[in-house]
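Peer 1: Following this message is one structure expressed as structure tokens.
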Ligand SMILES: Nc1ncnc2c1ncn2[C@@H]1O[C@H](COP(=O)(O)OP(=O)(O)OP(=O)(O)O)[C@@H](O)[C@H]1O
Ligand SMILES: [Mg+2]
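In this note's numbering, the protein residues as written are 1 to 308.
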């Protein structure tokens, strides 16, 4: 059995009208990980997931999912999908949406009730299961969306922008659900452009723009760059110190100063100056490049991708 649940080579998509949405994607997704596909609007993320779940056809390239060629119908029964902008019929209850999905995925009817109970509990929707979708908040609809994606007990789950419009508490719950799914041995493939969403849970990421992958790997491998020391303090910095720091190439933001240096010695005169003003230094830490910095560095503000 391969260690990879997905192995793609040269996947291309040209939509009618000539838009080249995917320009030859090579990707390998290890079994049992949370995999993030990150990219700005129009990068090709949804196109990718639609090809893998056979909602649309690819124009070129090859690949396997769970060891079988993409599109293999039997394999699709082991795949869960929460599509982007999903709209469920407003007159169905949450439970009915899950049972309907069970029917579509050929879940044996003897198993459906038990499976629906289990999933409703998993996404904390047991209490609201008999209410109609039209009475749900966005967060509740998304939870039902995730539950219906799990109805076939899938080995791989594609979630396309799963926390779109969900509040911070709902996003935190979502992250713990994703961890739980991974601990059950499933692979979770998440499309998003909200980087902070992914950072705490993702094992590997691919950064995509313009139909191409610009970088791929474990977060730690991608973020090898240590960007410098950050000094946190309490109180208000004087205008004089502030401009002195800015002139010296430091970044000053609210209660912190960021140095473009990874040498702790360089931080000492800055700490001295902050303390001389009677302010309390509360934190000194060496920061790694954030996922956001990495993303902006790779994708930039331009349409032509920078070299890796
Ligand atoms: N049905 C379609 N017909 C023609 N072009 C399309 C179609 N669907 C998507 N595209 C184009 O393909 C490109 C990739 O779109 P896609 O929806 O895959 O991007 P995305 O990364 O999911 O973006 P978003 O973050 O906005 O969801 C875009 O240029 C888009 O305009
Ligand atoms: Mg999309």
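For each residue, glycine too, the CB sits at the ideal point set by N, CA and C.
#1: Which of helix, strand or coil does DSSP assign to residue 168?
#2: Sort 210, 299 and 198 by Cα distance to residue 159 and report the nearest one.
#3: So, residue 178 versus residue 142, is the Cβ gap smaller than 7 angstroms?
#4: Look at the Cβ atom of residue 295, then the Cβ atom of residue 214, and state whether they are nearer than 7 angstroms.
#5: Beta-carbon distances below 6 angstroms to any heavy atom of ligand 1 define the shell here; list its residues in chain order, please.
#6: Taking three-plus beta-carbon pairs below 8 angstroms as touching, is the region 46–64 in contact with the region 10–20?
#7: Return the residue from the list 236, 259 and 255 that minimises the CA-CA distance to residue 247.
#8: Look up residue 189 in the DSSP assignment and give the residues it is bridged to.
#9: Which of helix, strand or coil does DSSP assign to residue 147?
#10: Under 7 angstroms Cβ to Cβ from residue 44, same chain only, skipping five residues before and after it: list those, please.
#11: Could you check which residue in 206, 244, 73 and 285 has the C-alpha nearest to that of residue 261?
#12: Identify the residues that DSSP records as bridge partners of residue 67: which are they?
#13: Please specify which runs of the alpha helix (DSSP H), each continuous and at least 4 residues long, are wholly inside the region 73–113, giving them in chain order.
#14: Could you tell me whether the Cβ atoms of residue 34 and residue 157 are closer together than 7 angstroms?
#15: Just the C-alpha distance for residue 328 and residue 52, rounded to the nearest angstrom, thanks.
#16: Using C-beta distances below 8 angstroms, list every residue in its chain close to residue 140, excluding the 5 sequence neighbours before and after it, in chain order.
#17: Can you tell me whether residue 243 is buried or exposed, with buried defined as 16 or more other CB within 10 angstroms of its CB?
#18: In the DSSP assignment, find the alpha helix (DSSP H) that holds residue 12 and state where it starts and stops.
#19: Please list the segments of the alpha helix (DSSP H) lying wholly inside the region 196–234, counting only runs of 4 or more residues, in order along the chain.
#20: Sorted by chain position, which residues of the same chain lie with C-beta nearer than 8 angstroms to residue 271's C-beta, five sequence neighbours on each side aside?
#21: Mark residue 19 as exposed unless 16 or more other C-beta atoms lie within 10 angstroms of its C-beta, in which case mark it buried.
#22: Tell me which same chain residues have a C-beta within less than 7 angstroms of the C-beta of residue 264, skipping the five on either side of it?
Peer 2: So, from the data block:
#1: helix
#2: 198
#3: no
#4: no
#5: 15, 17, 19, 21, 39, 41, 42, 43, 44, 45, 46, 47, 84 and 193
#6: yes
#7: 259
#8: 35 and 158
#9: helix
#10: 21, 22, 208 and 211
#11: 285
#12: Paired residues: none, contrary to the question.
#13: 73–76 and 94–104
#14: no
#15: A query on residue 328 cannot be resolved here, the shown segment of the chain reaching from 1 to 308 and no further.
#16: 94, 125 and 128
#17: exposed
#18: Note, residue 12: premise wrong, no alpha helix (DSSP H); beta strand (DSSP E) at 4–14.
#19: 219–222
#20: 231, 281 and 284
#21: exposed
#22: 229
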